[in-house]
Amino acid sequence: MCARVYIYRCTGCTYNSTILTEKRMEPLMITLSFLSLLFFLCILYEIASQTRDRCCYLLHYECHKPSNDRKISTKFCGEIIMRNKNLGLQEHQFLLRAIVNSGIGEDTYGPRNIIEGRENSSILRDGILEMDEFFIQTLDQLFQKTSVSPQDIDVLVVNVALLAPIPSLTSRIINRYKMRHDIKTFNLTGMGCSASLISINLVENFFKSKKNAFAVVVTSESIAPNWYSGKDKSMILTNCLFRSGGCSILLTNNRAFKDRAKMRLNCLVRTHLGASDEAHTCCMQKEDDQGTLGFFLGKNLPKVATRAFAKNIAKLAPKVMPLTELIRYAALKFLKRAAILNLKAGIDHFCLHPGGTAVIEEIRKGLGLTENDVEPSRMTLHRFGNTSASSLWYVLGYMEAKKRLRKRDKVWMISFGSGFKCNSCVWEVVRDLADGNVWEETIAGYPLKTTANPYMQQYGWIYQEKSESYTGEEPKNRSV
Amino acid sequence: MPPSYWCGLLLQKRNSTFPAKRKPKQIMAPKLQDFSLSVKLKYVKLGYQYLVDNLLAFFLIPIIIALFLESLRLSPEEIIQFWDSMHLTSLHIICSLFLIIYTATFFFMSRPRTVYLIDYALFKPPQSLRVSFAGFMEHAHILLHDEPKSVDFQMRILERSGIGEETSFPPAMCFIPPAPTMRRSREEAELIIFSCMDSLFQKTGMRPRDIDILIVNCSLFSPTPSLTAMVINKYKMRSNIKSFNLSGMGCSAGLISIDLAKDLLQQHPNSNAVVISTEILTPNCYLGKERAMLLPNCLFRMGGAAVLLSNRWSERRRAKYVLSHVVRTHKGADDKSYNCIQQEEDSEGHVGIKLNKDLMAIAGEALKSNITTIGPLVLPASEQILFAFSLLRRKLFNPKLKPYIPDFKQAFEHFCIHAGGRAVIDELQKNLQLTAEQVEASRMTLHRFGNTSSSSLWYELSYIESKGRMRKGDRVWQIGFGSGFKCNSAVWKCNRDIITPVEGPWADCIDRYPVHIPEVVKL
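Here it is, written out as structure tokens:
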């Protein structure tokens, strides 16, 4: 104040007496510094407020639990496989091994047309019906539990890789829930089992430019129209592994919902190995030699997955690992010693895509995780099977139902997809979570001591059969 | 004849409301009075438009001139005396300077990143895939020999479609019967997409490794791995590329992809995005006899486009266009709109796309909704005021009064209307009161390439460029419709004069266009 008063006293001087004395310079410099500081503080505030409003909060997610009449037990699975007259003894033996080793239990779900025996003659209606049941159950519950109205939704992203009807599934949802006309919709297809993280990436990007928005991500897979009726071994596997399921997720960047949110997105990394021909062709939809359409899984799939995985971790680790761990790892590498990055230093829970027992086991060994760490993925595989893109959310649901998720815990979600992609993201838990969700009725029975399959006992006779006398049916004089 | 008669004639001709073929002598005597009245109104309207659109200029110019004249009158000493009398200290000056810096910085920080369209490449089908009317009808006769009524129906559609004889079908659809396998669908996709991408890289000099964002939209074909993965594999793109594969979103999906690319470019500085819009026909050839489902067979043709977008400052000189706005409207909440385009199985189990009879009306409604949002963003102030008055009048006084349709010709120089079919273009021309020249690009694209779905807007833009009509500062409005029911529009501003000849699919035939397309082409 004194400086300013002093300056005003001097305003009588004209520009002809322009020699500024030291005394006049001082208040001027102070004002100059003050204004510059104010300027930079304003810029920082602007940047900070923009960053705050960009946070992606997960408000709620609702996994799909189909009705009990859609359960597929191993016995029923066996019957469906035996119905396929294209398959011979060798294929049945191969499938038996695959099913026994798959780690899938007795309570997984399939689409109605397969249960009714129409797996080879599915119509468009079957695929849409499977999606409708999923939308109606999960979205109704999602809106009801969060008290968010469908008219508040600004972005809708649907990812179902193997079904793309006209009009799109996004339009179907908009029609059912009468959403706004200025909603932004995106219908992603063909992006494989890692598509739900791609959808989250899309929403995360949208949240950075629009404030106080709500987004719904609907992720699932269409099993009904995609049953493989041929006999190529590399293609029948998908029949055994994939099951019906889906998840609807509500996200927001509105900070007023911060306390009600379950988790906050920390970072998301996408890796695409499509440039490599080997990676690109290791899993693809194509016709077999007889012209039957199916999903081919190559023998080099685990190797490709490992490469993609390593590349993804290399990008993700610097963003989530504490500095001490990174320095330790870098130092060991520099000294050319064997070094494994201790992911547990920065991550508390591991949400691994339950692609199959072999996949989970490989990842467990590769990352040095314990049985407890991979338990959610194994149990999800047992209870719900491989539900493709939505399986990560069932794994998350298991962790929540087991009350493992505590405030400030970090959850790492990782998934693989055709192309070949490996996408992963890290969520930070905002508050202690204890919602039973889709696991509510069964969580008490988990974890299981063993996930061994009774199929082997029941169908073990198949290994005694000779191909000439094989009829596809159990011999009546089988000794027990 | 009084001068007002000639003025009226001239003005009416320019606005193309003067009916063709009417002889002036016949209407001279009784219409004189009407003409003089309408001439006065036209001048008033023109005057009003100039005044309101340039209001700021009208205010400031006299003030600036007055100040300039005043400063000329004063001598330099008087000016310095005047400056001194304001008693400005260094403090005042520094504060004002900082205020300007603050305002400028926050203004630039809050502005969205500019999205430049560097260039785009279109697919030109080889001559061997050409489908003439005769060839099409021969195939129709052979495939549906038991259904003469369906064959007749297809012929009638073709006669009135506005499509020419140089459109193309993919190889698989030329077989008898068509062979819609996954392998052939992939071949068609590779043919279209790779040829567009090669052309785009060659035109722009961009390397595949420089692409940060890749979006592919193809409604009717979504293999696994996706078409984006196929492109990444072919061109060995980077592993941290952001790819999105959109499907099932109809003929307006191209603009949805542009919107997504725009959003992504806001968050990723110094990035390039490629948007590929195409429609793969092979897996969707309808093999049944249901008439409403045979329509797409008659109208859809092969086509594709690859567009390179960027937000790099260094591209601002060579970019062709700058993206101004993208507006998306979804009428899915209304059951009638949702059901007007449906993919379903007919009684024999063949899958096809059924188009409802009220498609045009629904398209009109969706367009109205879209215009309501885009109007305030693009219309000059004069039109907005008139529209607001008309709205108030209808609300307060008489709802039955005809609504004022804003004159979009004031806001845009060029129009690219999705070449969905002749009826769509006619309807839009009527609704928006456009001239024949303004819809020429759409009609000629429909004639030369057929309905290529989401890529048709780019063929139309290329037509306008090839005709040498695109000048710097011109604004283009692209409108697309899609199943669901969606109406999306994008507004581009031309960044530099585009000089003919323009490389592209029109290069060898632009001199033949425009052609006259009769109502019915007798087959």
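Going down the list, the protein sequences come from chains F and W. Counted from 1, the first sequence has number 450 at position 451 by numbering that gives the first Met the number 0; the numbering is strictly sequential. Counted from 1, the second sequence has number 256 at position 257 by numbering that gives the first Met the number 0; the numbering is strictly sequential. All C-beta atoms in this analysis are idealised placements derived from N, C-alpha and C, irrespective of residue type, glycine included. Computed from a predicted structure; not experimentally measured.
Within chain F, the residues that residue i reaches when beta carbons sit closer than 7 Å
i: W/I302; result: Strictly speaking, residue 302 of chain W in this sequence is Gly, with Ile absent from that position. In chain order: nothing, as chain F lies at least about 18 Å away.
i: W/D211; result: Neighbours of W/D211 on chain F: none; closest Cβ ~12 Å, over 7 Å.
i: W/N232; result: G273, A274, D276, H279
i: W/S89; result: L27
Listed by chain order, chain W residues near residue i by CB distance under 7 Å
i: F/N204; result: D262, L263, Q266
i: F/A160; result: T223
i: F/Q284; result: M181, P222, T223
i: F/K310; result: S238
Selection from the options that minimises the alpha carbon distance to residue i
i: W/T281; options: W/I516, W/F448, W/G472, W/E187; result: W/E187
i: F/A357; options: F/D408, F/K409, F/A304; result: F/A304
i: W/Y101; options: F/E129, F/L432, F/L34; result: F/L34
i: F/A309; options: F/L272, F/L334, F/E286; result: F/L272
i: W/D425; options: W/E347, W/S441, W/G503, W/H267; result: W/S441
i: F/L27; options: W/L90, W/D118, W/R470; result: W/L90
i: F/M262; options: F/I114, F/E440, F/R405, F/I442; result: F/R405
i: F/E427; options: F/H91, F/K401, F/L57; result: F/L57
i: F/L94; options: F/M234, F/T379, F/K335; result: F/M234
i: F/A255; options: F/I442, F/F213, F/M283, F/I98; result: F/F213
i: W/F135; options: W/I156, W/L433, W/R392; result: W/I156
i: F/R53; options: F/K298, F/N265, F/M412; result: F/N265
i: F/M178; options: F/T145, F/V215, F/P321, F/L368; result: F/V215
i: W/A418; options: W/R393, W/V377, W/Q477, W/L522; result: W/Q477
i: F/S193; options: F/T386, F/D258, F/H381; result: F/T386
i: F/N434; options: F/R96, F/W411, F/L395; result: Contrary to the premise, residue 434 of chain F reads as Asp rather than Asn in this sequence. The candidate whose alpha carbon is nearest that of F/D434 is F/L395.
Presumed contact (8 Å Cβ cut-off) between residue i and residue j, rounded CB distance
i: W/G249; j: F/P166; result: 7 Å
i: W/E518; j: W/R159; result: 7 Å
i: W/I212; j: W/N487; result: Between W/N487 and W/I212 the Cβ distance is about 19 Å, and since that is not below 8 Å, they are no contact.
i: W/F299; j: W/N397; result: With a Cβ gap of about 45 Å, W/F299 and W/N397 do not count as contacting.
i: W/V273; j: W/N244; result: Contact doesn't hold; Cβ gap of about 13 Å is too wide.
i: F/G355; j: F/M190; result: About 20 Å separates the two Cβ atoms, so there is no contact after all.
i: W/L50; j: W/F57; result: 7 Å
i: F/V437; j: F/Y393; result: 7 Å
Listed by chain order, chain F residues near residue i by CB distance under 8 Å
i: W/T372; result: D181
Interface residues of chain W facing residue i [CB-CB closer than 8 Å]
i: F/I122; result: E344, G348
i: F/I165; result: S218, L219, G247, G249, I340, Q341, Q342, I352, S482
i: F/I29; result: Here the premise fails: no neighbours, minimum Cβ distance about 11 Å.
Residues that residue i contacts on chain W, provided the C-beta gap is smaller than 9 Å
i: F/F185; result: F243, L245, M248, I255, L259
Review point. Can you list, in chain order, the residues of the stretch 397-430 of chain F whose Cβ is nearer than 9 Å to any Cβ on chain W?
Key: G416, S417, G418, F419, K420
Check your understanding: Are the stretch 350-365 of chain F and the stretch 176-185 of chain F in contact at 8 Å, needing three or more beta carbon pairs?
Key -> no
Review point. Looking at chain F, which residues of the stretch 299-332 of chain W have a Cβ within less than 9 Å of any of its Cβ atoms?
Key: Residues passing the 9 Å Cβ filter: V326, R327, T328, H329, K330, G331, A332.
Exercise for review: Taking only beta carbons into account, state which residues of the stretch 169-190 of chain W come closer than 9 Å to chain F, listed in chain order.
Suggested key: T180, M181, R182, R185
Review point. Using a Cβ cut-off of 9 Å, which residues of the stretch 108-121 of chain W contact any Cβ in chain F, in chain order?
Key: M108, S109, P111
Practice item. Could you list the residues in the stretch 248-262 of chain F with a C-beta less than 8 Å from some C-beta on chain W, going in chain order? Key: none
Exercise for review: Could you tell me whether the stretch 287-300 of chain F touches the stretch 223-230 of chain F, where touching means 3 or more Cβ pairs closer than 8 Å?
Suggested key: yes
Check your understanding: When Cβ atoms are compared, which residues of the stretch 36-65 of chain F fall closer than 8 Å to chain W?
Key -> F38, C41, I42, E45
Review point. Are the stretch 241-259 of chain F and the stretch 136-156 of chain F touching, with three or more C-beta to C-beta distances below 8 Å?
Key: yes
Review point. Quick check: the stretch 239-246 of chain F against the stretch 363-374 of chain F, are there 3 or more CB pairs under 8 Å?
Key: By the Cβ test, the stretch 239-246 of chain F is not in contact with the stretch 363-374 of chain F, since fewer than three Cβ pairs between them sit closer than 8 Å.
Practice item. Mind checking the stretch 348-371 of chain W against chain F and listing, in chain order, the residues whose C-beta falls within less than 8 Å of any C-beta there? Key: G348, V350, I352, S368
Practice item. Say whether the stretch 168-176 of chain F touches the stretch 329-344 of chain W, bearing in mind that this needs 3 or more beta-carbon pairs closer than 8 Å, one atom from each stretch. Key: With a cut-off of 8 Å, the stretch 329-344 of chain W and the stretch 168-176 of chain F count as touching, because enough Cβ pairs lie within range.
Review point. Per the contact definition of three or more C-beta pairs closer than 8 Å, is the stretch 370-386 of chain W in contact with the stretch 394-412 of chain W?
Key: yes
Point to revise | Interface residues of the stretch 75-90 of chain F facing chain W [CB-CB below 8 Å] | key: none
Review point. Does the pairing of the stretch 278-288 of chain F with the stretch 74-83 of chain F give three or more beta-carbon distances under 8 Å?
Key: No: the two stretches stay apart, fewer than three of their Cβ pairs being nearer than 8 Å.
Practice item. Evaluate contact between the stretch 125-133 of chain W and the stretch 164-173 of chain W, counting only Cβ atoms and requiring at least three cross-stretch pairs below 8 Å. Key: yes
Review point. Taking one C-beta from the stretch 491-510 of chain W and one from the stretch 461-475 of chain W each time, how about it: are there three or more such pairs within less than 8 Å?
Key: yes
Review point. Counting pairs of Cβ atoms below 8 Å between the stretch 156-164 of chain F and the stretch 218-225 of chain F, do you hit three or more?
Key: yes
Point to revise | At least 3 beta-carbon pairs within less than 8 Å: the stretch 287-295 of chain W vs the stretch 201-210 of chain W | key: no
Practice item. Spell out a yes or no on whether the stretch 293-302 of chain F and the stretch 224-243 of chain W are touching, meaning 3 or more CB-CB pairs, one atom from each, closer than 8 Å. Key: no
Check your understanding: Is the stretch 192-199 of chain W touching the stretch 101-115 of chain W in the sense that three or more CB pairs, one from each, lie closer than 8 Å?
Key -> Taking 8 Å as the limit for Cβ pairs, the verdict is that the stretch 192-199 of chain W does not touch the stretch 101-115 of chain W.
Check your understanding: Taking any Cβ of chain F, which residues in the stretch 92-104 of chain W have a Cβ under 8 Å from it, in chain order?
Key -> Contacts with chain F (Cβ-Cβ distance below 8 Å) from the stretch 92-104 of chain W involve I93, C94, F97, I100, Y101, T104, listed in chain order.
Point to revise | Cβ-based contacts, 8 Å cut-off: residues of the stretch 266-287 of chain W near chain F | key: Q266
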